[in-house]
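Each remark here refers to the structure printed beneath this line.
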Amino acid sequence: MASALLISEVFPPRNGGSGRWFFELYGRLENQNFLVAAGTATGDKEFDSAIDHQIRIRRLALSSEHWGLRSLTGLKFYYQSFQGIRRIVRDEGVSQIHCGRCLPEGVIGWLLNKSLKLPYLCFVHGEDIQAAMESRELSWMIRRVFSSAEVLIANSHNTARLLIAHWDVSVDKVQVLHPGMDAERFVPAERDRSFCAAMGWLERTVILTVGRLQRRKGHDVLIRALPLLLKEFPSLHYVIVGEGEERSELERLVTGLGLSDHVQFLGEVDDSTMIQCYQQCHLFALPNRTEGSDIEGFGMVLAEAQACGKAVLAGDSGGTRETMLVGETGIIVDCQTPEALADAIQHLLSDGDRLEEMGLRAREHVAITLDWRVHVEKARAIFNSIGDQ
Ligand SMILES: Nc1nc2c(ncn2[C@@H]2O[C@H](COP(=O)(O)OP(=O)(O)O[C@H]3O[C@H](CO)[C@@H](O)[C@H](O)[C@@H]3O)[C@@H](O)[C@H]2O)c(=O)[nH]1
Numbered sequence: 000m001a002s003a004l005l006i007s008e009v010f011p012p013r014n015g016g017s018g019r020w021f022f023e024l025y026g027r028l029e030n031q032n033f034l035v036a037a038g039t040a041t042g043d044k045e046f047d048s049a050i051d052h053q054i055r056i057r058r059l060a061l062s063s064e065h066w067g068l069r070s071l072t073g074l075k076f077y078y079q080s081f082q083g084i085r086r087i088v089r090d091e092g093v094s095q096i097h098c099g100r101c102l103p104e105g106v107i108g109w110l111l112n113k114s115l116k117l118p119y120l121c122f123v124h125g126e127d128i129q130a131a132m133e134s135r136e137l138s139w140m141i142r143r144v145f146s147s148a149e150v151l152i153a154n155s156h157n158t159a160r161l162l163i164a165h166w167d168v169s170v171d172k173v174q175v176l177h178p179g180m181d182a183e184r185f186v187p188a189e190r191d192r193s194f195c196a197a198m199g200w201l202e203r204t205v206i207l208t209v210g211r212l213q214r215r216k217g218h219d220v221l222i223r224a225l226p227l228l229l230k231e232f233p234s235l236h237y238v239i240v241g242e243g244e245e246r247s248e249l250e251r252l253v254t255g256l257g258l259s260d261h262v263q264f265l266g267e268v269d270d271s272t273m274i275q276c277y278q279q280c281h282l283f284a285l286p287n288r289t290e291g292s293d294i295e296g297f298g299m300v301l302a303e304a305q306a307c308g309k310a311v312l313a314g315d316s317g318g319t320r321e322t323m324l325v326g327e328t329g330i331i332v333d334c335q336t337p338e339a340l341a342d343a344i345q346h347l348l349s350d351g352d353r354l355e356e357m358g359l360r361a362r363e364h365v366a367i368t369l370d371w372r373v374h375v376e377k378a379r380a381i382f383n384s385i386g387d388q
């Protein structure tokens, strides 16, 4: 019988930081019994049947466009999700609930707590609480979630600071658990000429960004920085892995600036192609900036790139600086303007030796501090502290 139930709309095979985090972490917690109530995704049946560790997955229609309780859609969504998950709880003898986000999963946890007295913890990613600050209704709901949760797991010290400073959460309730990467899969590699030739990267200086195409990730700022860099680095090539709502806007920007030969959209790629991209690029950049209230909670892609032996550049917003040794394995840049970003890239690319040294140090740093295996014991202790696992 399962004793802990994780509720997460985002879960592989759907791409997204929180889903990968849970899949990698829970799959490594041996001798614990986890059931996951996950949102549906294309290819989920094949994915679920191929899983070879102890987590078991039940797929539910967990997505709603309206997370508030006031609309009919919102009410219907919470009612149906609550009923579906309550059935799982009863059938499987669940004794504690793990909520993948504050909304909507945290609210479902809170409802289960009120009706069945089940203890719950909630993961907090940073952008979720920032966005909710703009809505009185969502703020009200999140405050309920926080008040009855036994533990709030923050993905960075920055997220923990926001919880304590803006949401009046007591320090004792917050635990920081960084996401990470698999240092055995994300590894440095020699130059692979055939891969680079196939990608059209031979004789090119490649800057890579991996992540959903969202405003806060700042792809547009890097695209605007390219014309400032091309005089000095005419072979510069910006490669974008990932998909998202900003795709057509970014493509328009590239065409408008006449940069079609210098920007390559790869869309969503499988893990092995993505790892090759990390390995074969010259510099990894996540030029994130605060967009409205949207911040980058942590940035697992920065950990993955460093594991592949790359120096990283990240925007100065949210918890990205916690992924690196600032100045030694990566740099933090104010990415509000293309000029500042171009300046920082120019400095990094002009000193190949330093870039290489930073990459070596980056690999060493994340393998010691951010590998999933490092986080397992802390996660186990947190989970054990709230229930009777
Ligand atoms: N294979 C593949 N993987 C992808 C692709 N695009 C993104 N990913 C994977 O999706 C994950 C993205 O994670 P983050 O960089 O952390 O960003 P996020 O999706 O915005 O995640 C949110 O939650 C994380 C965990 O709390 C936070 O780290 C992050 O800042 C943000 O809040 C990474 O593991 C990355 O490898 C793709 O096209 N292909």
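Just so you know, we're using numbering that gives the first Met the number 0 here: the sequence shown kicks off at 0 and counts up by one. Just so it is clear, CB atoms sit at the ideal spot from N, CA and C, and this is done for glycine as well.
Distance check for residue j and residue i, CA to CA, integer angstroms please.
| i | j | result |
| --- | --- | --- |
| residue 387 | residue 62 | Residue confidence is low: residue 387 scores 49 on pLDDT, short of 50, so the model does not pin down where it sits. Its coordinate-derived value is still stated next. If you take the alpha carbons of residue 387 and residue 62, they lie about 30 Å apart. |
| residue 365 | residue 298 | 13 Å |
| residue 231 | residue 257 | 17 Å |
| residue 137 | residue 125 | 15 Å |
| residue 405 | residue 38 | With the chain covering 0 to 388 only, the question about residue 405 has no answer from this structure. |
| residue 340 | residue 274 | 25 Å |
| residue 56 | residue 95 | 16 Å |
| residue 101 | residue 313 | 26 Å |
| residue 224 | residue 354 | 20 Å |
| residue 2 | residue 91 | 8 Å |
| residue 82 | residue 66 | 16 Å |
| residue 41 | residue 270 | 16 Å |
| residue 381 | residue 154 | 14 Å |
| residue 109 | residue 77 | 11 Å |
| residue 166 | residue 84 | 27 Å |
| residue 292 | residue 158 | 13 Å |
| residue 229 | residue 262 | 12 Å |
| residue 8 | residue 233 | 43 Å |
| residue 251 | residue 352 | 36 Å |
| residue 4 | residue 36 | 7 Å |
| residue 127 | residue 180 | 22 Å |
| residue 25 | residue 238 | 32 Å |
Tell me the DSSP secondary structure of residue i in three-state form.
| i | result |
| --- | --- |
| residue 149 | coil |
| residue 10 | coil |
| residue 91 | helix |
| residue 140 | helix |
| residue 288 | coil |
| residue 69 | coil |
| residue 5 | strand |
| residue 382 | helix |
| residue 269 | coil |
| residue 313 | strand |
| residue 186 | coil |
| residue 357 | helix |
| residue 173 | strand |
| residue 81 | helix |
| residue 364 | helix |
| residue 322 | helix |
| residue 54 | coil |
| residue 283 | strand |
| residue 387 | With a pLDDT of 49 at residue 387, under the threshold of 50, the predicted position of this residue should be treated as unreliable, though the coordinate-derived value follows. If DSSP states are grouped into helix, strand and coil, residue 387 belongs with coil. |
I'd like to confirm something about residue i: is its beta-carbon nearer than 7 Å to some heavy atom of ligand 1, or not?
| i | result |
| --- | --- |
| residue 268 | yes |
| residue 238 | no |
| residue 62 | no |
| residue 156 | no |
| residue 112 | no |
| residue 198 | no |
| residue 20 | yes |
| residue 205 | no |
| residue 125 | yes |
| residue 300 | yes |
| residue 363 | no |
| residue 17 | yes |
Tell me which residue opens and which closes the beta strand (DSSP E) that residue i is part of.
| i | result |
| --- | --- |
| residue 399 | Residue 399 cannot be examined here, being either before or after the span of the chain that is shown, 0 to 388. |
| residue 28 | Counting along the chain, residue 28 falls outside any beta strand (DSSP E), and DSSP gives it neither H nor E. |
| residue 120 | 119-123 |
Do residue j and residue i count as a contact pair if the criterion is CB distance below 8 Å?
| i | j | result |
| --- | --- | --- |
| residue 21 | residue 99 | yes |
| residue 362 | residue 302 | no |
| residue 267 | residue 14 | yes |
| residue 164 | residue 121 | no |
| residue 243 | residue 211 | yes |
| residue 358 | residue 308 | yes |
| residue 191 | residue 279 | yes |
| residue 276 | residue 201 | no |
| residue 348 | residue 204 | yes |
| residue 316 | residue 336 | no |
| residue 182 | residue 370 | yes |
So residue i is in the alpha helix (DSSP H); what residue range does that whole segment cover?
| i | result |
| --- | --- |
| residue 297 | Looking at the DSSP string, residue 297 is not in any alpha helix (DSSP H), and its letter there is neither H nor E. |
| residue 40 | Careful: residue 40 lies outside any alpha helix (DSSP H) and carries neither H nor E. |
| residue 108 | 106-115 |
| residue 168 | Neither: residue 168 is in no alpha helix (DSSP H) and is coded neither H nor E. |
Do residue i and ligand 3 come close, with the Cβ less than 7 Å from some heavy atom?
| i | result |
| --- | --- |
| residue 296 | This structure does not include ligand 3; its bound ligands are ligand 1. |
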